[in-house]
Every structure is written in structure tokens, then in C-alpha cells.
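In the working numbering, the protein residues as written are 3 to 291.
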């Protein structure tokens, strides 16, 4: 039996309907503390989930693994990938990098990332997030981390034109309490967080959720811990032949969200665009031909 190429989380989601009640109990225990809950021995894992060891063994095989050791190793590899830094990432791909020019290898990786990202998108979750992003009854807050703040800035620039009441939170967590102070139920917080996940962003998500704020998370394929506090989580595949992860699939998803939000409230958005162009003309920001 070949080793599955999808993550254990994805395999559980794909096979969930075929699991028995006790197998679902173990699956849920694993997803609630993923992937740590599956990193102990089969006996301890079963005890922690309140199921028998044969239940765990049967579910593991339903997911496509030969046995528990293979399942355990898959979770370990996912965890190692999740926490790896730039040096380790480069070693991971450089050790078995295919021959050929970097441009070809890079293009292949990016194409695969885009395909994986969009084939795993939940259309209903996407539509629900877009409706929330377009709802001007609440304020939209946007924030990113050390690397993803560039995505947050891009999102803010576009959403500020698409709709009113948009706030770009600074990258300094010391200023965040001032923003949280004004957050109320019905507001939306769009967050970006990729490995290595930032603890201050997770705490911000928890504080916002406590205030009834709708949290939308864009993260990588391993999922930021913020997912536990998010209303919608979107996973983007990011690995490339580099010491750094790629933001190409993340940016593609973000641009799809911006376009869909624009269409959700086009009449109001068009009026904003027209007024904005008038202001650009008055300030002579752009060259006229």
C-alpha cells in the first residue's frame, strides 16, 4: 500500500463519511489537537481519545496507511515541515532537487501550489467570507505578520477602494489593544499567518472572537493555530525550491476574494470608484493622456 500524499487532516475529511462512530470520535480528537494528538504510541493515543486500539488501527488503514507506524511517521513529517525555518526548508528540497534550470523547477512548484490550493477550496466557505467582507454594517480590520504584512497591506489598499470602514492594523502588536478596544460584534478581521506562526496573532484572533468579531484566516497548507478561532480558514500551498515559502497562491486567493467582494456590492463599489477617480484628477496623482 503506497504512502498517501495528502495530509492526514485532508485524508480524514475525505474519508469522514465512511468512518464509524467510534472512528469519528478518534478522528475528532486528533483534529482538535492536530497533529500533536497523534504523535504518541497507539495505546496512549487511543486512551486519550477514549477509544480502543483496534479502533485506531482500523481508522488508520481506512485513511490509506499500512499501519499505525506509517500513520505516526506521516504526522511527524507534517509537524517537522510546519515548524521548519528557512535553512531547514532549503535542505528539504535541495537534498532531492530535480535536475534542470531553477526557472523550470520554480514554475513547476508554483503551478502545483496553485492547483492544490484551488482544488481544496470550499466554495461555500469562500462565498460566506466574501459576504462578510462586503458587509459595511461592520468595520473590516486587516492584519498580517512579519512576512504576511505585505499581503495585509495589499488587501487594505484594495478593500479601502471597494468598501468603506476599513482599518489596516499596524504590524506592531503593542498597538493592537487600541484596535481591539473599538471592535464590536458584526465587525470582521481578515488575518494572514503562515509558518512559523506568530503567537501574538493567535492571541489577537482570540480577543477578537471573544468580542463577536468574524475572523477570516488565510494561512498555509499546515494551518495556523488561529484556525481554532476562525470562522473561515483558507489553506494555501506555499512550498517552493527556496529557503522561503511562496505567497503566489496566497495572493491569487486574496485577489479572487477582492474581485468577488467587489461584485457582491457592485453598485456601491462603482460609485466609490467614480468618486475616487474624481479625487485622483483633483490631486493630479496620475498622468493624463
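All C-beta atoms in this analysis are idealised placements derived from N, C-alpha and C, irrespective of residue type, glycine included.
Asked                                                                                                                                                       : Found
Measure the alpha-carbon distance for residue 4 versus residue 29 and round it to whole angstroms.                                                          : Confidence is the limiting factor: at residue 4 the pLDDT is only 49, short of 50, which leaves the residue's position unreliable and the question unanswerable from this model.
Would residue 221 and residue 195 qualify as a contact pair, given that the criterion is a beta-carbon distance under 8 Å?                                  : yes
Quick one: what does DSSP say residue 237 is sitting in, helix, strand or coil?                                                                             : strand
If you measure between the beta carbons of residue 218 and residue 134, is that distance less than 8 Å?                                                     : yes
Straight-line CA distance for residue 118 to residue 144?                                                                                                   : 25 Å
What is the residue span of the beta strand (DSSP E) that residue 193 lies within?                                                                          : 190-195
Which of helix, strand or coil does DSSP assign to residue 289?                                                                                             : coil
Which of the three DSSP states, helix, strand or coil, is assigned to residue 201?                                                                          : helix
Expressed to the nearest angstrom, what Euclidean distance is found between the alpha-carbon atoms of residue 188 and residue 282?                          : 32 Å
What does the Cβ neighbour count give for residue 38, buried or exposed, with the cut at 16 atoms within 10 Å?                                              : exposed
If you drop the 5 nearest sequence neighbours on each side, which residues of the same chain put their C-beta closer than 8 Å to that of residue 70?        : 44, 58, 59, 62
Determine the burial state of residue 214: buried for a count of at least 16 other Cβ atoms within 10 Å of its Cβ, exposed for fewer.                       : exposed
Write down the C-beta distance between residue 205 and residue 169 rounded to the nearest angstrom, noting that I regard them as a contact closer than 8 Å. : That belief does not hold up - the Cβ atoms of residue 205 and residue 169 are roughly 18 Å apart, past 8 Å.
Closest to residue 125 by C-alpha separation, out of 275, 262, 207, would be which residue?                                                                 : 262
Using a threshold of 8 Å, state whether the C-beta atoms of residue 77 and residue 40 are closer than that.                                                 : yes
Throw me the rounded Cβ distance for the residue 223 and residue 239 pair, which I believe falls under 8 Å.                                                 : 5 Å
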